[in-house]
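What follows is one structure encoded as structure tokens, with my remarks underneath.
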Amino acid sequence: MTPGFDYASLAACGSLRLSISASLRFSPLSVNALISLGVAQGWYGCGPLALSHRFRHQTQSPYAFCIRLLRVFALHLSTTMQKTDRIYIAGHRGLAGSAIHRELQRAGYANIVTRTSAELNLRERDTVRAFFEKERPQVVAVAAAKVGGIKANNDFPVEFLLWNLQIQNNVIEAAAEFGVEKLLFLGSSCIYPKHAHQPITEDALLTGPLEPTNDAYAIAKIAGIKLCQSYSRQYGKRFISAMPTNLYGPGDNFDLANSHVLPALLRKIHEAKMRGYNEVVVWGTGTPRREFLHADDLAAACRFLLENYDDPALMNVGYGDDVTIRELAETICEVVGFKGALTFDTTKPDGTPRKLMDSSRLRALGWQPTISLREGIRTTYEWYLHQHK
Ligand SMILES: NC(=O)c1ccc[n+]([C@@H]2O[C@H](COP(=O)([O-])OP(=O)(O)OC[C@H]3O[C@@H](n4cnc5c(N)ncnc54)[C@H](OP(=O)(O)O)[C@@H]3O)[C@@H](O)[C@H]2O)c1
4 MTPGFDYASL
14 AACGSLRLSI
24 SASLRFSPLS
34 VNALISLGVA
44 QGWYGCGPLA
54 LSHRFRHQTQ
64 SPYAFCIRLL
74 RVFALHLSTT
84 MQKTDRIYIA
94 GHRGLAGSAI
104 HRELQRAGYA
114 NIVTRTSAEL
124 NLRERDTVRA
134 FFEKERPQVV
144 AVAAAKVGGI
154 KANNDFPVEF
164 LLWNLQIQNN
174 VIEAAAEFGV
184 EKLLFLGSSC
194 IYPKHAHQPI
204 TEDALLTGPL
214 EPTNDAYAIA
224 KIAGIKLCQS
234 YSRQYGKRFI
244 SAMPTNLYGP
254 GDNFDLANSH
264 VLPALLRKIH
274 EAKMRGYNEV
284 VVWGTGTPRR
294 EFLHADDLAA
304 ACRFLLENYD
314 DPALMNVGYG
324 DDVTIRELAE
334 TICEVVGFKG
344 ALTFDTTKPD
354 GTPRKLMDSS
364 RLRALGWQPT
374 ISLREGIRTT
384 YEWYLHQHK
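Following our numbering, the numbering of the sequence shown begins with 4 at its first residue and continues without gaps.
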């Protein structure tokens with residue numbers, strides 16, 4: 004993408020981009036490249052009239068313009084992901100990684116490399132270097148991390164900071180050393196300040212203090228983003244970062260000691276129903292607002308970014324709407340069929356009052372989520388029941 008990229012213009016051109024893409028059978032990236040060129044040329048400033056005016060008053064000669072157009076397409080052809088590319092998904096058994104694995108397989112990527120943490124401990128630098136030297140992946144998705152809910156983050160800040168730094172440093176450094184062409188690093192919405200203006204745009208990064216319950220994890224993630232951006236700036240690497248909002252879906256962690264709020268509530272409410280309880284206790288006041296994205300929607304966004312986005316600027320990946328924890332718990336009760344009462348334990352921490360991400364940049368490029376919260380909870384519950392038959 005060109006420096007000083009005009010996202011407002013791109014948003015206006017979003018539908019144009021998709022229709023050009025569909026009618027000319029170009030990939031969305033080809034059309035993005037064309038639109039980027041147009042933005043750089045200033046074509047889209049003030050609508051069609053200005054467009055034709057600017058065409059007539061181009062200061063560049065037609066020859067120079069054609070050369071520039073060819074350069075953009077040559078760059079595109081050299082950077083597009085191929086279906087035969089060797090892709091390493093770090094953390095392919097996790098919630099996000101397993102969804103990315105399914106999504107890439109579904110899309111026809113057939114040369115995917117995976118390792119469990121028992122086979123390849125990403126915290127060991129030499130082991131990671133040896134793996135990259137042998138396997139030579141061309142594309143890497145970094146979905147391996149030490150991940151947990153409020154309690155785990157609060158109780159084990161050392162592991163959340165140190166292990167995540169080790170994992171991401173080892174993978175990103177080895178990727179650079181062994182010629183990986185494209186790397187996607189998954190951060191998290193908790194990198195943003197506790198009191199960031201809502202919905203949170205990408206430029207809120209490092210504008211205020213973090214939520215203290217997970218600041219160790221957030222600082223590790225911020226370091227990962229900066230490392231990708233630094234490799235991009237210093238060595239021209241196509242290492243990009245995406246910030247998913249709270250995820251849920253099949254493969255989630257339902258362990259009450261270290262799970263996130265949605266799977267924890269789903270399990271608690273399911274068990275209350277099975278044991279015939281007439282009450283479920285929910286941590287906190289129930290008033291914080293949270294956004295939830297199905298892991299399959301995240302995976303589609305990751306594929307979209309791997310195929311279409313090379314800018315080191317981090318990218319939010321959210322659902323676009325939030326609910327209170329009380330509303331979430333009520334929806335889960337309906338899906339599970341629990342008829343008892345919800346009570347709120349206000350002695351437990353609430354965390355950040357609201358966390359809704361502004362994902363308009365990614366939407367302007369052409370991605371959007373497709374799985375509603377209720378539908379996502381329903382299919383996640385089905386998966387959970389299947390696992391615990
Ligand atoms: N879950 C969310 O709500 C959420 C929200 C925003 C961002 N994210 C980000 O998305 C990414 C993935 O999260 P997730 O929820 O999918 O996590 P997850 O379900 O806990 O999976 C983490 C994966 O990391 C792997 N891993 C952990 N330590 C490792 C090590 N030392 N060596 C090798 N592999 C290791 C695990 O491999 P094994 O299974 O083989 O042990 C596991 O597959 C993380 O970067 C997280 O920050 C998650």
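In this text, a Cβ means the ideal position worked out from N, Cα and C, and glycines have one as well.
> Using the C-alpha atoms, what's the distance from residue 259 back to residue 120?
Replying inline: Their Cα atoms are separated by approximately 22 angstroms.
> Using a Cβ-Cβ cut-off of 8 angstroms (strictly less than) and excluding sequence neighbours within five positions of residue 108, which residues of its own chain qualify?
Replying inline: Here the set comprises 115.
>> Quick check on the burial criterion: 16 or more other C-beta atoms within 10 angstroms. Buried or exposed for residue 232?
In response: Classified as buried, residue 232 has 16 or more neighbouring CB atoms from the shown chains inside 10 Å of its CB.
> Are there 16 or more other CB atoms within 10 angstroms of the CB of residue 139, so buried, or fewer, so exposed?
Replying inline: Note on residue 139: under 16 other CB atoms within 10 angstroms of its CB, so exposed under the neighbour-count rule.
> Does the region 313-333 come close enough to the region 255-269 that 3 or more CB-CB pairs lie under 8 angstroms?
Replying inline: Judged by pairs of C-beta atoms under 8 angstroms, the region 255-269 touches the region 313-333, as three or more such pairs exist.
> Taking the alpha-carbon positions, what's the residue 312 to residue 242 distance?
Replying inline: Cα-Cα distance, rounded: 10 angstroms.
> Looking at residue 98 and ligand 1, is the gap between the Cβ and the nearest heavy atom below 8 angstroms?
Replying inline: Yes, ligand 1 has a heavy atom inside 8 angstroms of this Cβ.
> What is the rounded straight-line gap between the Cα of residue 171 and the Cα of residue 227?
Replying inline: Pairing residue 171 with residue 227, the inter-Cα distance amounts to about 6 angstroms.
>> Would residue 1 and residue 203 qualify as a contact pair, given that the criterion is a beta-carbon distance under 9 angstroms?
In response: With the chain running from 4 to 392 in the structure shown, residue 1 is simply not present.
> With DSSP run on the structure shown, which of helix, strand or coil describes residue 382?
Replying inline: Residue 382: helix per DSSP, three-state reduction.
> Where residue 362 and residue 373 are concerned, what is the direct C-alpha to C-alpha distance, given to the nearest angstrom?
Replying inline: Going by the C-alpha atoms only, they are around 14 angstroms apart.
> Hey, residue 194 and residue 221 are a contact pair by Cβ (cut 8 angstroms); roughly how many whole angstroms apart?
Replying inline: Yes, residue 194 and residue 221 are in contact; Cβ-Cβ is about 5 angstroms, under 8 angstroms.
>> Can you tell me whether residue 282 is helix, strand or coil according to DSSP?
In response: Strand.
> For residue 249 versus residue 295, is the C-beta spacing smaller than 9 angstroms?
Replying inline: Note that the C-beta distance between residue 249 and residue 295 is below 9 angstroms.
>> I'd like to check one pair, residue 289 with residue 327: are the Cβ atoms closer than 9 angstroms?
In response: By the CB criterion at 9 angstroms, residue 327 and residue 289 fall inside the cutoff.
>> For residue 117 and residue 87, what's the separation of their Cα atoms in angstroms?
In response: When rounded, the distance between both Cα atoms is 15 angstroms.
> Closest to residue 224 by CA distance: which of 147, 386, 391 is it?
Replying inline: Comparing Cα positions, the closest option is 147.
> Just how far apart, CA to CA, sit residue 42 and residue 282?
Replying inline: At residue 42 the pLDDT is 39, less than 50, meaning the model places this residue with poor confidence and gives no usable figure here.
> Along the chain, where does the beta strand (DSSP E) that runs through residue 185 open and close?
Replying inline: Secondary structure note for residue 185: its beta strand (DSSP E) is the uninterrupted segment 185-189.
> Does the beta carbon of residue 191 fall short of 8 angstroms from some heavy atom of ligand 2?
Replying inline: What this structure holds is ligand 1, not ligand 2.
>> Can you look up residue 348 in the DSSP assignment and give me helix, strand or coil?
In response: It is a strand residue.
>> Give me, in chain order, the residues of the same chain whose beta-carbon lies closer than 6 angstroms to that of residue 390; leave out the 5 immediate sequence neighbours on both sides.
In response: Once the five neighbours on either side are set aside, residue 390 has no close Cβ partner at all.
>> I'd like to confirm something about residue 303: is its beta-carbon nearer than 8 angstroms to some heavy atom of ligand 1, or not?
In response: Not under cutoff, so the answer is no.
>> Along the chain, where does the alpha helix (DSSP H) containing residue 234 start, and where does it finish?
In response: From DSSP, the alpha helix (DSSP H) with residue 234 extends over 218-238.
> What is the rounded straight-line gap between the Cα of residue 355 and the Cα of residue 101?
Replying inline: Those two C-alpha atoms are separated by around 28 angstroms.
> What are the boundary residues of the beta strand (DSSP E) that includes residue 244?
Replying inline: 242-247 is the extent of the beta strand (DSSP E) around residue 244.
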